[in-house]
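Residue numbers (the working numbering), protein chains in the order written: chain W, 7 to 239; chain C, 6 to 242; chain S, -6 to 391. Backbone N, C-alpha and C fix where the C-beta goes; we use that ideal spot for every residue, glycine too. Worksheet for the structure shown next.
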Amino acid sequence: MELMIRDLTKQYKDKRAVDGVSLRLTEGINGLLGANGAGKTTLMRMLCGILKPTAGSISLDGVDVTSEDYRAVLGYLPQDFGYYPDFTGLDFLLYLAALKGLSRPHAKRRAGELLELVSLQDVGKKKIKTYSGGMKQRLGIAQALLNDPRLLIVDEPTAGLDPKERVRFRNLIAGLGQDTIVLLSTHIVSDVEKIADHMLMMSDGEIILNEPWDKSRTDLEQLYMEEFGGGEE
Amino acid sequence: MMNRKLKQALSDAFYVPPPARKAAFLKQHRRRELGRWELIALQVRYIRWWVWPLSLVLSSFILMTGTLSAESTPWYIAALTPFLALLVITENGRAQLYQMDELELACRMSRQSVILARMVALGLFHLALFGLLTPLLAVWSTVGAAQAGVYLLTPYLLTAALGMELTRRIRGREGLLACGAVAAVISVSGPLAVNIRPALYQPENLIWWGAALAAAMIAAAVEFTLNVKNMGELQWN
Amino acid sequence: MKNFGTLFGYELKKLLKRKLNWVVVLLITGVCIVGVVQAGNSGGFWIEDTDEQGNPVTSVISGQEIRTAKLNAMGTLNGQVMDDAFFQQMLEQVPEFDNPYEMLKYFYHVDSTYLNVHTMVEGLMTDRDTFTAEKFYATNQEYTQLYMDASGLSHAEKEYWTEQMEQIETPYVYRHPWPGASELVDYFSILRVVLPVVVAVCLCMIFSEDHRTKADAIVFATQESRAPLYLAKVLAGVTEAALATTFVVGGTVAAHLAVWGVQGFDAHVQFYDSLCPRPITVGQMLLPMLLILALYTFICGAFTMLISALTHNAIIALAIPAVLAELLNQWHPSARGWLGYLPEKLTGWNGPVNLHLVKIFGVYLDNFQFGSLLYVAIAVLLFALCWLCWQRSAAGRA
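See below:
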């Protein structure tokens, strides 16, 4: 399975948020590091088909990003997402399951499984507005997994989470990478250092690093500082 | 009825191990997925429940004001229909308002189909209400059926057209608020217009109303098309 | 309350900077002005007549002609004492009419000098030949008494108004009343619908904005966020409502003055409505009605703010007051009891001739006076309820 990205560009007036990015991603955890404003979120939105590129193409095993079949195997957790105010956690999952085309019995079963996976089974029937930030993020990852995605795009999932939640999240993502292409963007090095199979770095809309990653390495932070400039004082 | 203790003992003796490779097994077998029409019907369920009774309440106000007052002038009939159109527009803009648009866009079912389903469902419901109101107003008020129909539809479609234009141009709650203001202004435009043209609501001017209705229908159709087209992409930066 | 001025300034700035508010206020003001100017030259009468051969003919007296005739009549009789000689002159000049069409043709095509006087005496003049000034004043008084009886006034109320009537000197010295008075009072029916909607648009987000932008958590954690901030918001809302009202009502009144001129406000109200026993001028009649209209707008503003505080939803805070104002304006009950204090009654033609009084601390208040106090009380009550909602929100966030 491979995700082919060819000369992908997104221009907005006089700014190129993503500039001629070409990538080939396969199963496993692909970490995407970059500072704020590097273009990570724009890239990810284009990979999800929710933003039209100015130029370039995206396909998953030959299936174009604009097709329904592409979205049928896509799971996406945005950087910041909301919820309808009166929804419970379960309602939220069932609603999105409906949008993902799951039948009702399947959706119910899957929602139950995922609530258990993300440890929200006790609060599934409570309204989302009562959830903490970490619980909301876990619910977010649960919805991204509803349709057993072959392509999972996760945008800064650990922003605002406490260290314990971050480790939990990391472990959850690590378990998914076996037969799924996972693209995980973050600017927190420790999120990806131990779990990524492939490392990407992005700056000013361009990919500046694209190489396989050895999980035993511990110099990601140093590498990051070298690539983005500014070492230790 | 089996003894509880016996049941427990049997369960302990014949312990069932957890299923191995369950996920892989399930993945091999193709699950039945919802068809397009089933998806659309399901979406209609997600329209906020109170929209339906509120539409009925507004319609009954229209009937009341058009028929109960001996002094009722026809513009009363048109005064509340913009708020019905506002219900449709706000339903349309809910995903953006609650920051659910990104999640919904990334799902298999295209957001255009979702919004189309909801708008068509609500629009048809309102049309049915108008269909019910028109003959009742023709019998119980001072206007004929053609007049009643035109006075109901024209401000409704005008509000819908302007509202869709505004929500496309102005993001989030500000856009919806602007739609609310448009609905409010159109609703009071009746008495203002009558002051400028006293014969506006006379039967002999029905042809002009017909032209206005046709223009409003075209505008609404154009805006609807543009809106649906616009929904395929996240409104970015 | 040390930074109240700053808080008020910022709250007002938030409202004044909203483009939507200005667009709606200026649009509505513009349409009102155009409407008044247009209405001044529109309307008219269909006249059914016969030609020389006796064939039926329909002609028109246009709105333009009506307006010209009314304006031409201004000032021609001003200063004349309405005594026997005055009425004699009128009877000599104005012919007897066989039907209403002849009367209209005479006054709008021939001579409009006695148009207003004729309207005053027409119902009182049973016999032209024996009509005198004494008969005019006696019949006028008699009809006014009959009206008071028919209105269900108490003995004390009748006494009060009879005393008031005695302050009006007879014979009258004629002053032509402002010809735009009826048109302006009619236009109040439009303003009663338009103003609540305008104010709802301007104020719907005043208490919901903080919630929407999630700034409420920060705001409520500050020292001045309870009473001082609430008062600052309310005062800013009242100021915005006053500005909006000034634009719309001011524009409407200015347009009426442009169309109908500025003469005639000092004419006794009896020249506008002969049954009215109040010893006031036309201007003194219109001013309290404008005040009531303004107070009604403030009540609508207070209601909008209450809904905004209750629901934290600007769209609901806009829609509910707008719909209710439309519905209220379509309710036309008789002006009995408390219903006489509805905005439609106080600012309609019924206002000056609603003679019911309320006694407070030994002082009689007429409908305008008591209505003003009542409206202020309602506004204060709504603001008090709004305060409770605000407090609850603040406590919930704490």
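Between which two residues does the alpha helix (DSSP H) holding residue i run?
i: Leu117 (chain C); result: The displayed chain sequence assigns Gln, not Leu, to residue 117 (chain C). That run of the alpha helix (DSSP H) goes 116 to 145.
i: Arg53 (chain C); result: Run containing Arg53 (chain C): none; DSSP gives neither H nor E here.
i: Ala165 (chain C); result: 150 to 174
i: Trp213 (chain C); result: 211 to 235
i: Pro281 (chain S); result: 275 to 304
i: Thr(-1) (chain S); result: -3 to 9
i: Tyr153 (chain S); result: 148 to 159
Could you say which of the options lies nearest to residue i if we only look at CA atoms?
i: Leu145 (chain W); options: W:Ala104, W:Asp220, W:Gly183, W:Pro84; result: W:Pro84
i: Ile40 (chain S); options: S:Pro93, S:Val16, S:Ala32; result: S:Pro93
i: Ala217 (chain C); options: C:Asp17, C:Leu121, C:Leu163; result: C:Leu163
i: Pro387 (chain S); options: S:Leu222, S:Val191, S:Val17; result: According to the sequence as given, residue 387 (chain S) is Ala; it is not Pro. Here the closest residue by C-alpha is S:Leu222.
i: Asp266 (chain S); options: S:Gly254, S:Asn109, S:Leu0; result: S:Asn109
i: Glu171 (chain W); options: W:Leu157, W:Asp154, W:Ser196, W:Arg156; result: W:Ser196
i: Met236 (chain C); options: C:Ile191, C:Asn200, C:Arg173; result: C:Arg173
i: Leu206 (chain W); options: W:Trp219, W:Gln228, W:Lys16; result: W:Trp219
i: Ala235 (chain S); options: S:Met282, S:Thr297, S:Leu280, S:Leu288; result: S:Leu288
i: Arg12 (chain W); options: W:Arg22, W:Arg30, W:Asp20; result: W:Arg30
i: Phe130 (chain C); options: C:Leu239, C:Ala225, C:Phe30, C:Val49; result: C:Val49
i: Ile159 (chain W); options: W:Lys132, W:Ile187, W:Ala165; result: W:Ile187
i: Val93 (chain C); options: C:Leu138, C:Ala83, C:Ser118, C:Tyr161; result: C:Tyr161
i: Tyr137 (chain W); options: W:Ala103, W:Tyr89, W:Arg115; result: W:Tyr89
i: Asn71 (chain S); options: S:Phe354, S:Val166, S:Phe181; result: S:Val166
i: Ala318 (chain S); options: S:Ser327, S:Ala220, S:Ile211, S:Thr297; result: S:Thr297
Between the alpha carbons of residue i and residue j, how many angstroms are there, rounded?
i: Tyr18 (chain W); j: Gly211 (chain W); result: 12 angstroms
i: Ser209 (chain W); j: Glu119 (chain W); result: 38 angstroms
i: Ile45 (chain C); j: Gly130 (chain W); result: 26 angstroms
i: Val16 (chain S); j: Val191 (chain S); result: 10 angstroms
i: Val231 (chain S); j: Leu181 (chain C); result: 24 angstroms
i: Val252 (chain S); j: Val30 (chain S); result: 6 angstroms
i: Val69 (chain W); j: Met7 (chain W); result: 11 angstroms
i: Ser365 (chain S); j: His148 (chain S); result: 24 angstroms
i: Ala302 (chain S); j: Met69 (chain C); result: 30 angstroms
i: Gly344 (chain S); j: Met282 (chain S); result: 8 angstroms
i: Thr137 (chain S); j: Gly28 (chain S); result: 35 angstroms
i: Trp259 (chain S); j: Ile161 (chain S); result: Trp is not the amino acid found at residue 259 (chain S); the sequence shown has Asp there. If I take the Cα positions, the gap works out to 14 angstroms.
i: Ala143 (chain C); j: Ser218 (chain S); result: 55 angstroms
i: Asp91 (chain S); j: Leu84 (chain S); result: 15 angstroms
i: Lys6 (chain S); j: Leu171 (chain C); result: 24 angstroms
i: Arg26 (chain C); j: Gln184 (chain W); result: 14 angstroms
i: Asp225 (chain W); j: Thr32 (chain W); result: 24 angstroms
i: Leu184 (chain S); j: Ala370 (chain S); result: 22 angstroms
i: Ala219 (chain C); j: Trp213 (chain C); result: 10 angstroms
i: Glu238 (chain W); j: Gln149 (chain W); result: Interpretation of Glu238 (chain W) is limited by its pLDDT of 46, a score under 50 that renders its predicted location unreliable; the figure taken from the coordinates is listed afterwards. Roughly 40 angstroms between the two C-alpha positions.
i: Gln228 (chain W); j: Pro163 (chain W); result: 22 angstroms
Are the CB atoms of residue j and residue i within a distance shorter than 9 angstroms?
i: Val148 (chain C); j: Gly71 (chain C); result: yes
i: Tyr99 (chain S); j: Val87 (chain S); result: yes
i: Cys195 (chain S); j: Glu233 (chain S); result: yes
i: Ile35 (chain W); j: Val198 (chain W); result: yes
i: Cys112 (chain C); j: Lys106 (chain W); result: yes
i: Pro336 (chain S); j: Leu286 (chain S); result: yes
i: Ala62 (chain S); j: Ser105 (chain S); result: yes
i: Gly2 (chain S); j: Ala32 (chain S); result: no
i: Val53 (chain S); j: Gly37 (chain S); result: yes
i: Ala165 (chain C); j: Ala90 (chain C); result: yes
i: Met96 (chain S); j: Pro272 (chain S); result: no
i: Asn30 (chain C); j: Pro24 (chain C); result: What sits at residue 30 (chain C) in the sequence shown is Phe, not Asn. In this structure, Pro24 (chain C) lies closer than 9 angstroms to Phe30 (chain C) by Cβ.
Since residue i and residue j should fall inside the 8 angstroms C-beta cutoff, what is the C-beta to C-beta distance between them, to a whole number of angstroms?
i: Met169 (chain C); j: Glu96 (chain C); result: That belief does not hold up - the Cβ atoms of Met169 (chain C) and Glu96 (chain C) are roughly 12 angstroms apart, past 8 angstroms.
i: Ile52 (chain C); j: Arg123 (chain C); result: 5 angstroms
i: Asp97 (chain W); j: Gly140 (chain W); result: Rounded, the Cβ-Cβ distance is 20 angstroms, inconsistent with contact.
i: Tyr107 (chain S); j: Ile59 (chain S); result: With a Cβ gap of about 16 angstroms, Tyr107 (chain S) and Ile59 (chain S) do not count as contacting.
i: Ala45 (chain W); j: Ala61 (chain W); result: A small fix is needed here, since residue 45 (chain W) is Gly in this sequence, not Ala. Not really, about 14 angstroms apart at Cβ, beyond 8 angstroms.
i: Pro164 (chain S); j: Ala315 (chain S); result: With 8 angstroms as the limit, Pro164 (chain S) and Ala315 (chain S) do not qualify as a contact, their Cβ atoms being about 50 angstroms apart.
I'd like the span of the beta strand (DSSP E) that includes residue i, first residue to last.
i: Leu29 (chain W); result: 21 to 32
i: Ile94 (chain C); result: No beta strand (DSSP E) holds Ile94 (chain C); the alpha helix (DSSP H) holding it covers 86 to 97.
i: Phe240 (chain S); result: First-last for Phe240 (chain S): 220 to 253, but that is the alpha helix (DSSP H), not the beta strand (DSSP E).
i: Tyr94 (chain S); result: Where Tyr94 (chain S) is concerned, there is no enclosing beta strand (DSSP E), although the alpha helix (DSSP H) it sits in stretches over 93 to 98.
Under 9 angstroms, Cβ to Cβ, is there at least one residue of chain B near residue i?
i: Tyr89 (chain W); result: This model lacks chain B altogether, as its protein chains are W, C and S.
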